[in-house]
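**Student:** Note that my numbering has the sequence shown beginning at 652, numbered continuously upward.
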Amino acid sequence: MIQPTFIDTGVPFGGATAVLWIGGILIDGVEWFLAHVFGAAMDVVADLLGTPMLEYPYMQRAYLAAVCIALTGPVVGTFLVHREMAMISDTLAHTAFAGVAVGLFLNSALSLTLSPLFTAFVVAVVTALLVELLVEHAGAYNDTSLAIVLTGGFAVGSILITATDGGIAVGIDAYLFGSLATVSTENVGILMLMSILVGSLVTYAYRPLLYVTFDASAARAARLNVRLYKRLMVVLTALVVVSAMQIMGVILVAAMLVVPVAAAAQVAQSFKQSILLAILAAEFAAIAGVTLSYTYGIAAGGSIVVVAIAVYVVALGFQKLSHRLPNVGQLRSQQPDQTRDGLEADGGERK
């Protein structure tokens, strides 16, 4: 029989202890990165620009969290938008709200210490898989399935809040609207892990995901497991939404998966270029939004989304202007055929 091992304190190193130990190591690693790498770099930038706010630890956490959100959001959102499933991000955000309410309700009613983010993860992932099942087997249109799940999730959350006479309403406000002050080291650690996980999975499965996004029928004919890759994408969406909700807020978190992608689609000429431009647009919106939030004392999530929409308007104006310029219009007309989204489906650059 395998005997439990022990650490220096003499405490049995079982399953729960192992999780706590690994979690402690990860938190220590994030704290070290914040203090000696990212924080040190921000201190240098603060000295060069003469902006003391960049030296504050909570602002450094907020900026790093926003940068991670701006990376993972467009990476996943680009596939969703071109698959015409952009609304799934909003659906999962509202059901994640129900997950947060479940965690807070259980903690209040049963005196537990569950993390609301953990219950939100579980509920959002289950919901993501439920949406795929509805689309595949219920015969409902995508928007109908999403609307049913979205309203149902928000309804469950509101019921749980009122079931405790509003006692958990204060705790849930931060998840509804987001806040710079509530971004903890643990939140930053989760976002960094999600960035690595999402980036690695999308890179590894890029070609199959691209094939499924643009032509699911051809992907089936090529013997790809279309159902697996569709479910992978909605699960990744759930993870991104829940990771970002505490700084963006449930109401606005979906925007980071859609608005930068919509802006990039106005000027991109290939799918890879669309992802890259969407990330750049999102990073600009995130950094500018967090800065505006601190400067004017306004909501961080709202500021980020408003800047992202401004970027979209500029990109849209540039796209409209390019069609009116004769030289640019002739150049575009000489380019090879594109997909319905105006992008090359193979993800390659034009030759």
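All C-beta atoms in this analysis are idealised placements derived from N, C-alpha and C, irrespective of residue type, glycine included.
Predicted, not measured: the structure shown is a model, and the values here were computed from it.
DSSP three-state call for residue 947: helix, strand or coil?
**Tutor:** Helix, per DSSP.
**Student:** Flag this pair as touching only if the segment 945-955 and the segment 701-720 have three or more C-beta atom pairs under 8 angstroms; answer yes or no.
**Tutor:** Verdict: yes, contact present.
**Student:** If you compare alpha carbons, which of 746, 879, 738, 734 is closest to residue 896?
**Tutor:** When only C-alpha atoms are compared, the closest one is 746.
**Student:** Would you say residue 751 faces chain C, with C-beta separation under 8 angstroms as the test?
**Tutor:** Among the protein chains of the structure shown there is no chain C, as only one such chain exists.
**Student:** Among the residues of its own chain, which have a CB less than 6 angstroms from the CB of residue 956, if the five just before and after it don't count?
**Tutor:** Taken in chain order, the residues that qualify are 903, 906.
**Student:** Assuming contact is defined by CB atoms lying nearer than 8 angstroms, are residue 864 and residue 733 in contact in what I supplied?
**Tutor:** Contact flag set, yes.
**Student:** If we ignore side chains and look at the alpha-carbon of each, how far apart do residue 949 and residue 925 end up?
**Tutor:** Looking at the two C-alpha atoms, the distance is approximately 30 angstroms.
**Student:** Pick from 953, 681, 875, 694: whose alpha carbon is nearest that of residue 831?
**Tutor:** Nearest option by C-alpha distance: 953.
**Student:** Quick check on residue 921: does DSSP put it in helix, strand or coil?
**Tutor:** Note: residue 921 maps to strand in three-state DSSP.
**Student:** Is residue 828 closer than 8 angstroms to residue 748 when the C-beta atoms are compared?
**Tutor:** No; because the gap between Cβ atoms is not below 8 angstroms, this pair is not in contact.
**Student:** Any idea if residue 772 is buried or exposed, counting beta-carbon neighbours within 10 angstroms, 16 or more meaning buried?
**Tutor:** So residue 772 ends up on the buried side.
**Student:** Compare the C-alpha of residue 842 against each of 893, 802, 938 and name the closest.
**Tutor:** For residue 842, the nearest C-alpha among the options comes from 893.
**Student:** Just tell me which of 675, 740, 759, 760 has its CA closest to the CA of residue 1064.
**Tutor:** There is no way to answer for residue 1064, as the model of the chain reaches only from 652 to 1002.
**Student:** For residue 751, does the count of other Cβ atoms within 10 angstroms reach 16, so buried, or fall short, so exposed?
**Tutor:** So residue 751 counts as buried.
**Student:** Identify whether residue 903 lies in helix, strand or coil by the three-state DSSP scheme.
**Tutor:** Three-state DSSP puts residue 903 in coil, outside helix and strand.
**Student:** If we require 4 or more residues per run, which alpha helix (DSSP H) segments fall completely within the segment 694-735?
**Tutor:** Within the segment 694-735, the complete alpha helix (DSSP H) runs of at least 4 residues are 708-733.
**Student:** Three or more C-beta pairs under 8 angstroms: does that hold for the segment 721-729 against the segment 837-856?
**Tutor:** The answer is yes - the segment 837-856 touches the segment 721-729, with three or more Cβ pairs under 8 angstroms.
**Student:** Are there three or more Cβ pairs, one per stretch, closer than 8 angstroms when the segment 961-974 is compared with the segment 908-925?
**Tutor:** With a cut-off of 8 angstroms, the segment 908-925 and the segment 961-974 count as touching, because enough Cβ pairs lie within range.
**Student:** If you draw a straight line from the alpha carbon of residue 980 to that of residue 767, how long is it in whole angstroms?
**Tutor:** With a pLDDT of 48 at residue 980, under the threshold of 50, the modelled position of this residue cannot be trusted; read the value that follows with caution. Going from the Cα of residue 980 to the Cα of residue 767 covers about 52 angstroms.
**Student:** Taking just the CA atoms, how far does residue 682 sit from residue 959?
**Tutor:** Taking the straight line from one Cα to the other gives about 29 angstroms.
**Student:** Spatial neighbours of residue 811 within its chain, please: CB distance less than 8 angstroms, with the 5 preceding and 5 following residues excluded, ordered by chain position.
**Tutor:** Cβ within range, chain order: 749, 752, 753, 755, 756, 819.
**Student:** In whole angstroms, what separates the C-alpha of residue 799 from that of residue 765?
**Tutor:** The straight-line gap from Cα to Cα measures roughly 28 angstroms.
**Student:** Could you check whether residue 885 and residue 779 sit closer than 8 angstroms to each other, using their CB atoms as the reference points?
**Tutor:** Yes, they are a contact pair.
**Student:** Can you tell me whether DSSP reads residue 1003 as helix, strand or coil?
**Tutor:** Because the chain in this structure spans residues 652 to 1002, residue 1003 falls outside the shown range and cannot be described.
**Student:** At which residues does the alpha helix (DSSP H) containing residue 873 begin and terminate?
**Tutor:** That residue, residue 873, is in no alpha helix (DSSP H); it is neither H nor E in DSSP.
**Student:** Exposed or buried, what is residue 763 when buried is set at 16 or more other beta-carbons lying within 10 Å of its beta-carbon?
**Tutor:** With fewer than 16 other Cβ atoms within 10 Å, it is exposed.
**Student:** Distance, Cα to Cα, residue 877 vs residue 676?
**Tutor:** Straight-line Cα distance between these residues: approximately 37 angstroms.
**Student:** Around the Cβ of residue 730, are there at least 16 other Cβ atoms within 10 angstroms (buried) or fewer (exposed)?
**Tutor:** Buried, by the Cβ-count rule.
**Student:** Roughly how many angstroms lie between the CA atoms of residue 881 and residue 727, to the nearest whole one?
**Tutor:** So the alpha carbons of these two residues sit roughly 12 angstroms apart.
**Student:** Does DSSP put residue 829 in a helix, in a strand, or in coil?
**Tutor:** In this structure, residue 829 counts as coil in the three-state DSSP scheme.
**Student:** Let me know if residue 787 comes out buried or exposed under the rule of 16 or more other beta-carbons within 10 Å of its beta-carbon.
**Tutor:** Classification of residue 787: exposed, given that the 10 Å Cβ count is below 16.
**Student:** Tell me the rounded alpha-carbon separation between residue 796 and residue 785.
**Tutor:** Roughly 6 angstroms separates the two Cα atoms.
**Student:** With 16 other CB atoms within 10 Å as the buried threshold, where does residue 928 fall?
**Tutor:** Answer is buried; the Cβ neighbour count reaches 16.
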